[in-house]
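FYI, the numbering used here numbers position 194 of the sequence shown as 230, with every residue one higher than the one before it.
C-beta atoms are modelled at their ideal positions from N, C-alpha and C, and glycine is treated no differently.
Everything numeric in this text was worked out from a predicted model, so none of it was measured.
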Amino acid sequence: MKLSKKLFLYSMNVTPQQCGRLTSLAGKQAADIKIAVIENATDPIPGDTSWQAGFREMLSKNGYQLEQIDLRQWMDNEKELEKKLACKDVIWLGGGNTYYLRWILRTSKADKMICKLVGEGKVYAGWSAGAVVAGPTTRFFNEMGDDPADAPEKIDEGLFLTDMVVVPHRDHPDFAAGAAKTNELLNKAGYSPVLMADNEALVIDGEHYTII
37 MKLSKKLFLY
47 SMNVTPQQCG
57 RLTSLAGKQA
67 ADIKIAVIEN
77 ATDPIPGDTS
87 WQAGFREMLS
97 KNGYQLEQID
107 LRQWMDNEKE
117 LEKKLACKDV
127 IWLGGGNTYY
137 LRWILRTSKA
147 DKMICKLVGE
157 GKVYAGWSAG
167 AVVAGPTTRF
177 FNEMGDDPAD
187 APEKIDEGLF
197 LTDMVVVPHR
207 DHPDFAAGAA
217 KTNELLNKAG
227 YSPVLMADNE
237 ALVIDGEHYT
247 II
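In structure tokens, the structure reads:
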């Protein structure tokens, strides 16, 4: 039986109320929900990326069980990576460079694993780049400062978990202008972009979706 896809996509910040919707999607008590945390989108970003801990903290404060998974360490161990992802309730992808994230998902074959698991009822969650790659395309996100050259190969196709394309940071002082341009180009190209503020989350449960 094919299950409805469940996605929790957000721009940057997540509130306890929004986490409540994530908990509902997973169908368990928060303390029983196991989350795979994939933060490889920051691999090509120079300098200190310790700020990632703050985004994990937003999840751990809500009681979820987190395990960080670095896809670089699983390139030659696909079966074990799939087993590890399969035992989680939520697969969560963090922000950073959209093009690099899409490349490492394909190179590690995590993209196929994730699509299969989400099709079987696992929840896909992600913010910024992690939200973008859930859609059908990564085109035009160079307008927001993501350099395609940071990835060994530029991949224009997303994971196709939804036909909507999250465009994050519409109200962020550093990214708002780029987000508006990306949104415009996606519209002109025939996609269905969702321009989101940094405090918003897009919740998709099968055919139903809402922004909270």
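Status (buried if at least 16 other CB within 10 Å, exposed otherwise) for residue i
i: Phe-211; result: buried
i: Lys-152; result: exposed
i: Asp-84; result: exposed
i: Met-37; result: In this predicted model, Met-37 has a pLDDT of only 46, less than 50, meaning its place in the structure is not dependable; the value taken from the coordinates is given anyway. So Met-37 counts as exposed.
i: Trp-87; result: exposed
i: His-205; result: buried
i: Gln-109; result: exposed
i: Thr-246; result: exposed
Cβ pair residue i, residue j closer than 8 Å
i: Asp-183; j: Asn-133; result: yes
i: Asp-125; j: Lys-148; result: no
i: Thr-174; j: Asp-186; result: no
i: Val-230; j: Val-203; result: yes
i: Leu-297; j: Val-169; result: As displayed, the chain neither begins before 37 nor continues past 248, which places residue 297 out of reach and without an answer.
i: Val-144; j: Leu-107; result: Residue 144 is actually Ser in this sequence, not Val. Taking 8 Å as the Cβ cut-off, Ser-144 and Leu-107 qualify as a contacting pair.
i: Leu-117; j: Val-73; result: no
i: Ala-167; j: Leu-58; result: no
i: Leu-95; j: Ile-71; result: yes
Range of the contiguous alpha helix (DSSP H) that encloses residue i
i: Leu-117; result: 114 to 122
i: Val-202; result: Where Val-202 is concerned, there is no enclosing alpha helix (DSSP H), although the beta strand (DSSP E) it sits in stretches over 200 to 203.
i: Tyr-160; result: From DSSP, Tyr-160 is part of no alpha helix (DSSP H) but of the beta strand (DSSP E) over 159 to 163.
i: Asp-147; result: 146 to 155
i: Lys-217; result: 212 to 224
i: Gln-109; result: Neither: Gln-109 is in no alpha helix (DSSP H) and is coded neither H nor E.
i: Ser-60; result: 52 to 62
Proximity to residue i [Cα-Cα], best of the options
i: Phe-196; options: Arg-206, Ser-47, Ser-228 and Ala-215; result: Ser-228
i: Gly-194; options: Asn-235, Ile-140, Pro-209 and Ile-69; result: Ile-140
i: Ser-40; options: Asp-241, Asp-106, Asn-178 and Ala-215; result: Asp-241
i: Asn-76; options: Ala-66, Ile-247, His-244 and Ala-165; result: Ala-165
i: Glu-189; options: Gln-54, Ala-161, Thr-59 and Arg-138; result: Arg-138
i: Pro-209; options: Ala-237, Leu-43 and Met-180; result: Met-180
i: Asp-68; options: Gly-99, Phe-176 and Thr-78; result: Gly-99
Unbroken beta strand (DSSP E) run spanning residue i, endpoints
i: Ala-237; result: 237 to 241
i: Tyr-46; result: 42 to 46
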